[in-house]
Amino acid sequence: MTESHRHPENVHLLATSAARPSSSLSSVLRFLVVTYLLGMFVLSVEQFLLLPSNLSLVDFWNILFLPVCWLYLIRIRQAVRFPYTFGMWLIWLGSFIGTLFAFDPLASILVITKEVYLYVWCVTLIAVFASLEPGLLRRVLLAWTAVAVLHGGFLVAEFVSPDFYGLMISTLGSVGKVYIGRPSGLFENPISAAFFQLMGFVPLLLGGLRREVSLLLGMFLVLSILATASLGTLSGLAAASAVAVIALVLMGGHLKFLVWLAAAVAIAAGLFFFTIGLIPDVRTRLQHLTTERAEYTTDQRLDLWQGGSEALFSKKSILGVGPNNYRDSLAGKTLHNDFLEFGVERGVVGLLGLLLFGLGAMSSAVKILLNQSKLRDTARPTGVIFIAMLVASLLISNANQIFHFRVLWLGLALQEAILFRMISPSIDAAVARRVELSGERLQSPEKSSPLTDRRGSSPVEMK
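Note that this note's numbering numbers the sequence shown so that position 104 is 104, with each residue one more than the last.
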C-alpha cells in the first residue's frame, strides 16, 4: 500500500521521494520564507491599528508572502497536508446556510472569507514548518519565543507603572484603538494579549533551551498573563499545567524533574508574593483586577450565556442566524463562548463542524504522544505540550471567542507539521537530501526532553 493510501490527508505536489532540486533560486526562496516567518511573529502582536474588515498588519504581510511560500513549496516539491477537512467543510456549510437567513449577509460573508484565509494560511504553514530542517525550525521557534517575551515586557511594565500605561494609551490611541482599564500591550484587548502570551509556552518548551532558562522565561510569561488580569486565560493555564503534570507522571521518567519544578515554582511564588507585599499600589491593583473583578465578570458572562442558551434552543438556531449576526439584546455584546456562538449563528451543522474540528486537533496531539510511546521516546514530551495547549484553548473558548485568533492557528500548524514529519518518513529523507545538497549539516535528534538540562537539541528534530 502506498503512503498516499495510508495517509489520505497528505496530497503530494510531486513525488517527495525524488531528489529535491537545489539551486540558487531555492536558497533565495528559503531565505524569503524564513524572513516571512520572522516578520510574521513580530507583526502578530500588532492589533491596535484601525484597518478595514478588522484586519491587522500581519494579515497584509501574510497575503504578500503566501505566493512566495507556495512557489517555495512547489520548487522543493513539498508534500501538503490538509487537516480538519471534514470539520471545516461543515463549519463553512453551516455558515453559508446561516447567511441565507442573516440580517446582515455581508458581515457573514466577510467572516466566511476570513476563515477560508485562515485555513489556507494554516495549511501553508504546516508545509513550510515540515520542510525546514530541525536546526532552522528550532531557531524559528526561538524567534517566536523572543517576541512573546518582549511583548510580555510591555504588559508587565503597563501593570507596574501607571505612567508607562498612560504613555502607551496616549501613543497607541493617537493612531488606533486601545483598551482602557487593563494592560493589553499592542493588542486591541487584554484577552487577545493574554492568549498570545499563553501560546508562547509552545515554542518555549519546544525550543530546546536549558531548563533553568525555560523556567525563568516561563515564569515571566505567567507574570505577563497575570498583568492582563484575564481570568479565563489564567484558568486555562492552570488546567493545562495540571493535565501536563498528570501526563508526565503517567509517562514515567519525569519524577525528579517534577519535584525540581515544584520546588522552583514554590520559591518563585513566595518571592512574588513577598515582593508585591512591599509595593502596596501594585498589590491593590492586582487584587482589584483579579479577585474583586471576578464576581462582576462571572455575572456578566452568565447573563450573556443565559440569553445565548435561550437562542440556541430556539427554532432559529437550527439553521443559524448567520456568522457575526447575533448580539445580546440587552448588553449588545457577542456571546463570549465559541460553542454557543457557533450553535446560534451557524446552526446544528456549524456546531457539529466545530466539534469535529476540536476532535481532529486533539486526535493529532494524541497521535504525536502515541508515536513517541511506540518509539519509546517518552523523555521528549512533545505530545504532552500540544495536549496541554488544546486543553487550555478549550477552556478559554468557553469564556471567550478565540476561533479567529491567529496565534491559535499558528499553534495548530506547528502541531500538524510535527505530526506530518512523524507519519511521513519521506519528508525527513527529502529534508536530509536538501541539506546535504546545500552543504549544511543536519542535526541528529536526541532522545531527551526540552524540559531537561541540555543545549542545542529540540523536540522538533524527529525522525
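Note that CB positions come from ideal geometry on N, CA and C, so glycine has one too.
List the endpoints of the continuous alpha helix (DSSP H) containing residue i.
i	result
V178	Where V178 is concerned, there is no enclosing alpha helix (DSSP H), given that its DSSP letter is neither H nor E.
V45	First-last for V45: undefined, no H or E at that position.
I225	211 to 228
Q197	190 to 199
E115	105 to 131
S174	Neither: S174 is in no alpha helix (DSSP H) and is coded neither H nor E.
L278	Element bounds for L278: n/a, residue is neither H nor E.
N371	338 to 374
A240	231 to 251
I318	Taken as a continuous stretch (DSSP letters only), I318 belongs to no alpha helix (DSSP H), as it is neither H nor E.
Y72	57 to 75
F159	134 to 160
Q401	Q401 -> no alpha helix (DSSP H), and no H or E assigned at all.
What number of angstroms, rounded off, separates the C-alpha of residue i from the C-alpha of residue j?
i	j	result
P52	P183	24 Å
S458	E133	Because S458 carries a pLDDT of 41, less than 50, the predicted location of this residue cannot be relied on, and the following value inherits that uncertainty. Taking the straight line from one Cα to the other gives about 11 Å.
I180	G173	10 Å
A311	V249	43 Å
L29	C69	8 Å
F272	S317	48 Å
Q415	L278	42 Å
P162	I126	41 Å
M251	A361	21 Å
N337	A388	20 Å
V391	A242	10 Å
F86	L93	10 Å
R164	D281	The question names Arg, yet the displayed sequence has Phe at residue 164. Roughly 15 Å separates the two Cα atoms.
V265	L110	45 Å
S17	A269	No answer about S17 holds up, because its pLDDT of 35 lies below 50 and its placement is not dependable.
I76	A130	12 Å
Q197	G207	16 Å
S363	A240	17 Å
V222	T291	17 Å
S449	P381	For S449, the predicted model reports a pLDDT of 40, less than 50, meaning its position is unreliable and no value from the coordinates is stated.
L57	G185	16 Å
Are residue i and residue j closer than 8 Å when you measure CB to CB?
i	j	result
R406	S44	yes
F65	Y84	no
L304	A229	no
M88	F257	no
E188	Q372	no
K177	L71	no
L395	S235	yes
Q401	E345	no
L237	L217	no
T233	A194	yes
V63	G353	First, the amino acid is wrong: residue 63 is Ile here, not Val. Result no, Cβ atoms of I63 and G353 do not sit closer than 8 Å.
Looking at the strands, I want to know which residues DSSP matches up with residue i.
i	result
A264	DSSP, once it has assigned bridges, lists no residue as partnering A264.
Just tell me which of the options has its CA closest to the CA of residue i.
i	options	result
F101	P323, S363, T382	P323
G350	G332, G98, R75	G98
V384	S131, V245, L215	V245
A143	V34, Y296, K333, G270	V34
F386	N62, A247, T113, I74	A247
V202	L226, V128, T145	T145
L419	G411, L237, K367	K367
L286	V156, L355, V213	V156
S393	A268, T382, G411	G411
S309	L370, A262, T298, D328	D328
E115	V128, L204, F403	F403
S108	V160, K315, G320, S397	G320
F154	P105, R210, S224	S224
C122	L136, M40, G253	M40
V140	F31, F60, V348	F31
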